[in-house]
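Okay, so here's the structure we're looking at.
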Amino acid sequence: MLTEHLPKDGFAVFVKAECETCAMIEPVLAGLRDRDLDTIIITQDDPSFPANMSALDDRELEVSFRFDIEAVPTLIKLKDGNEVARTYGWHRSEWEGLTEQQNLGPDLPEQRPGCGSRTREPGAWETLVSRYGDTGISSRAINLGEWDDEIESCFERGWSDGLPVVPPTDARILRMLQGTARSPDEIIGDVPPNLTPITVEKVAINAVMAGCRPEYMPVVLAALEAALMPEATMHGVLCTTCFSSPILVVNGPIAKKIGMNSGINCLGQGNRANATIGRALQLIIRNVGGGRPGELDRAVLGGPGKYTFCFAEDESDPTWTPLNVARGFAPETNTVTLFQGDGIQGFIDQRSRTPEELTLSLARSLMAVGNWKLCEFTNAMLVLVPEHYAIFRDAGWDRDRILAELHSALRRPGSDVIQGAHGIGEGVSPSRQAEMVDKFWPEGLILVHAGGQAGLFSAICAGWTGGRFRHDSMTVTKEIQI
Amino acid sequence: MTIQLRDPTGETASVLRERVAPLDAYTGKTIALMDIGKMRGDEFIDRMEQLCSAHGINTRRYKKPTNTRVAPREMIDDMTQNCDAVIIALSDCGSCTSCSTHDLNDLDRNGLSGVSVLTEEFRNAFESQKSAIGLDAASVYVPHPMQNRTTEELHSFAEQQFETIVSEICREALAQPAGAGS
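The listed protein sequences derive, respectively, from chains A and B. To convert, note that position 155 of the first sequence is 352 in this note's numbering; the numbers rise steadily by one, no gaps. To convert, note that position 77 of the second sequence is 128 in this note's numbering; the numbers rise steadily by one, no gaps.
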């Protein structure tokens with residue numbers, strides 16, 4: 198340990214060559230040495246600086262970290278091996294008082310501020326804590342061999358969704374934990390399918406692996422909390438033989454603040470926040486919950502959404518009621534909504550000019566969800582793009598009107614959709630032959646406004662089959678704790 | 052310098068604990084027949100109920116609201132108070148396999164001897180889930196798939212595996228069914 202080189206009773210001066218104030222006080226440092234004070238100079242960047250002073254090489258910053266140096270130069274007085282006083286920058290009177298010397302640097306100005314310590318450079322602190330300090334991280338340490346590739350090691354241990362993950366080092370985990378005020382040992386809940394308790398620390402580890410930035414942490418935590426709500430049926434969504442996975446919709450100012458995409462290609466690739474927040478939740482389910490394909494994840498086909506499916510709603514049109522408000526939250530509340538759904542079924546309509554035409558057109562496509570003869574069986578999310586919404590908006594239709602008209606257009610005679618009708622075995626119970634049957638429960642059709650400004654191409658995401666349990670499997674929304 | 056990573060998993064132990072031993076005899080005991088709520092499972096359970104009755108085994112029927120979640124706490128409590136063993140059926144998908152194995156574990160912790168009936172396709176899923184939970188749970192398998200079977204076929208699955216299923220929860224040999232010749 199480099200601190201062994203420090204005098205028990207004497208002085209330690211931390212400097213760096215690139216600091217002009219440090220260079221300015223070189224004569225003072227030489228003077229301290231000449232006055233036979235037990236002084237050691239600790240240099241952070243250039244061991245030859247100051248010249249002819251045999252400075253202690255602290256380019257690894259171990260000593261600077263242990264003394265929590267914030268600026269250079271810093272003068273520390275040591276007594277019985279312990280610090281008893283310090284001053285930083287150049288203040289003649291303070292240096293003279295600390296060293297009990299007179300007339301230090303008579304040709305220098307009375308004072309001059311110093312520079313930042315290299316230990317305070319961005320990203321340095323977490324790395325230094327992981328090397329020399331107490332990280333407080335309690336998760337099991339995995340030490341790799343000297344020649345192991347860290348990314349390949351993550352694959353080998355089964356921690357990946359098939360794409361490379363960011364290796365969860367202590368420095369990265371500490372940085373991630375700075376994205377939340379919540380304590381690392383706080384338990385968020387039990388993650389299915391193994392119902393394993395998860396701490397904020399484990400969330401951070403998986404968020405690191407997913408590629409998140411620390412400022413995404415509150416959203417990841419809220420997404421996890423949403424997934425662990427009983428009505429989210431994450432257990433079933435993960436283990437099911439169906440295609441489904443959580444589809445996350447973020448509302449509120451945080452979406453813009455962390456750079457989420459609600460516009461062009463928002464359901465696609467290319468945006469770090471969209472991609473990694475959804476991925477973090479999936480990695481948590483895999484790694485903490487134990488939900489691995491072929492074991493307890495039994496999707497017969499699965500879907501690309503099982504890597505990640507997360508986007509923000511476009512709240513820029515003042516006529517549009519955002520999803521979080523529609524679900525009972527105050528405007529500007531940051532929320533994550535979790536819908537249990539499949540991939541995208543494109544809805545193309547470039548001909549409809551009136552809201553009535555567009556409603557009928559949308560309804561016909563929505564009938565295909567699950568199976569066109571299945572009713573009150575699966576839910577659905579309709580991602581309405583701005584150009585389609587404009588047709589409704591210009592006619593004075595708001596969210597509630599659009600939903601009401603869609604539900605009405607999706608109501609069919611039972612005789613049309615019972616099992617066996619049209620020579621198709623699938624369908625609703627024959628007992629409903631004489632009824633009018635709704636395609637979705639009233640709350641089962643979720644409307645979201647998103648997408649680029651050009652293109653009459655909305656998207657339908659089918660819900661999972663667990664939606665047939667109307668009161669047991671539902672779309673959920675969770676407020677994000679900042 | 053070697054690299055140190057941190058384990059992102061739940062760090063759960065996988066040592067299996069011994070399950071509650073089968074009952075010694077049926078007399079005075081009640082067997083819970085737990086329908087996990089998956090489609091067609093009730094038809095299988097119907098036949099199980101008939102067979103139990105024919106062999107003089109007292110049963111009490113339950114049905115979960117959904118196969119996609121673990122059983123409601125009230126249902127587990129009711130079974131614990133009123134039953135001595137449980138037969139859970141019929142899992143033929145991932146979510147029901149996982150959730151029903153947790154139910155089996157909950158009931159085992161409450162002192163009920165139990166067995167889960169699944170389709171063959173989910174043998175590995177059951178093994179994986181019981182390993183993760185840490186319970187040496189009992190299982191019996193019927194052919195997969197089952198959703199496209201007739202009721203008669205589902206009943207025949209119950210008849211073929213009835214003796215094996217009940218032997219997992221009680222050591223007593225089955226009595227002759229009521230009405231059978233000596």
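Ideal Cβ placement from N, Cα and C applies to all residues, glycine included. From a predicted model like this one, the values you see are computed outputs, not experimental measurements.
- Item | At least three beta-carbon pairs within less than 8 Å, the stretch 361 to 369 of chain A to the stretch 119 to 128 of chain B | no
- Message: Within 10 Å of its beta-carbon, does B/K115 have 16 or more other beta-carbons around it, so buried, or fewer, so exposed?
- Response: buried
- Message: Please tell me whether A/F574 and A/G649 are closer than 8 Å, where the distance is taken between their beta carbons.
- Response: no
- Message: Cβ closer than 8 Å: which chain B residues qualify as neighbours of A/V485?
- Response: P59, T60 and G61
- Task: Could you check the C-alpha separation between A/C507 and B/D135 for me, to the nearest Å?
- Result: 47 Å
- Per-residue contacts from A/I334 into chain B (C-beta, under 9 Å): R57
- Message: Using only CA atoms, which one of A/S245, A/A647 and A/Y329 lies nearest to A/N462?
- Response: A/A647
- Message: Between which two residues does the beta strand (DSSP E) holding B/G145 run?
- Response: Run containing B/G145: none in the beta strand (DSSP E); it sits in the alpha helix (DSSP H), G145 to R160.
- Whole-number beta carbon distance between A/A423 and A/V673, since they are thought to touch under 8 Å: 5 Å
- Thinking C-beta only, is B/D143 closer than 8 Å to B/K89? yes
- Item | Short CB-CB distance (under 8 Å) between A/I339 and chain B | yes
- Message: With the cut-off set at 8 Å, would you say A/T430 and B/T152 are in Cβ contact?
- Response: no
- Task: Spell out whether any CB of chain A is found under 8 Å from the CB atom of B/S65.
- Result: With a pLDDT of 48 at B/S65, under the threshold of 50, the modelled position of that residue is not reliable, and the figure given next carries that caveat. So, not an interface residue.
- Consider the Cβ of A/I238: report whether some Cβ of chain B lies at a distance smaller than 8 Å. no
- Message: Tell me whether the stretch 196 to 205 of chain B and the stretch 500 to 518 of chain A touch, counting them as touching only if at least three CB pairs, one residue from each stretch, are closer than 8 Å.
- Response: no
- Message: Using 8 Å as the cut-off, can you tell me whether the stretch 367 to 384 of chain A makes contact with the stretch 464 to 483 of chain A, which would need three or more C-beta pairs spanning the two stretches below that distance?
- Response: no
- Query: Based on Cα-Cα distance, which residue from A/P306, A/A220 and A/T284 lies nearest to A/T296?
  - Reply: A/T284
- Message: For A/A214, which residues in the same chain have their Cβ closer than 6 Å to its Cβ, ignoring the five residues on either side in sequence?
- Response: D242, D243 and F246
- Query: Which value, in whole angstroms, describes the spacing of the CA atoms of A/W287 and A/R309?
  - Reply: 5 Å
- Report the rounded CA-to-CA distance for B/V166 versus B/L225, giving the unit in angstroms. 17 Å
- Between A/A404 and A/I339, what straight-line distance do the alpha-carbon atoms span, to the nearest angstrom? 18 Å
- Query: If A/R315 sits next to A/L301, beta carbons under 8 Å apart, how far is it from one beta carbon to the other, in whole angstroms?
  - Reply: Not confirmed; about 25 Å, so no contact.
- Would A/A311 be called buried (16 or more neighbouring beta carbons within 10 Å of its own) or exposed? It should be noted that the sequence gives Gly, not Ala, for residue 311 of chain A. Looking at its Cβ environment, which holds 16 or more other Cβ atoms inside 10 Å, A/G311 is buried.
- Query: A/M693 CB to nearest chain B CB: under 8 Å?
  - Reply: For chain A, the structure presents residues 198 to 679; residue 693 of chain A sits outside this window and is missing.
- Which one of A/A209, A/T473 and A/D367 has the shortest CA to CA distance from B/P59? A/D367
- Message: Please report whether the beta-carbon of A/H604 lies at a distance below 8 Å from any beta-carbon of chain B.
- Response: no
- Query: Can you pull the DSSP bridge partners for B/Y192?
  - Reply: B/L169
- Within-8 Å CB hit, A/W569 to chain B: no
- Where do the ends of the alpha helix (DSSP H) carrying A/I474 lie? R469 to N484
- At a Cβ threshold of 8 Å, is B/Q198 touching chain A? no
- Message: Looking at the secondary structure, which residues open and close the alpha helix (DSSP H) in which A/Y141 lies?
- Response: The structure shown does not extend to residue 141 of chain A, since chain A is modelled only from 198 to 679, so the question has no answer here.
- Query: Grouping DSSP H, G and I as helix and E and B as strand, with all else coil, what is A/N458?
  - Reply: coil
- Which residues in the same chain have their Cβ closer than 8 Å to the Cβ of A/R694, if we skip the five residues on either side of it in sequence? Nothing can be reported for residue 694 of chain A: it is not among the residues displayed for chain A, which extend from 198 to 679.
- Item | Rounded C-alpha distance that separates A/F654 from A/N458 | 17 Å
- Under 8 Å (Cβ pairs) to chain A, residues found in the stretch 179 to 193 of chain B: S179, Q180, A183 and I184
- In chain order, each alpha helix (DSSP H) run of at least 4 residues that lies wholly inside the stretch 555 to 613 of chain A: 583 to 591 and 596 to 606
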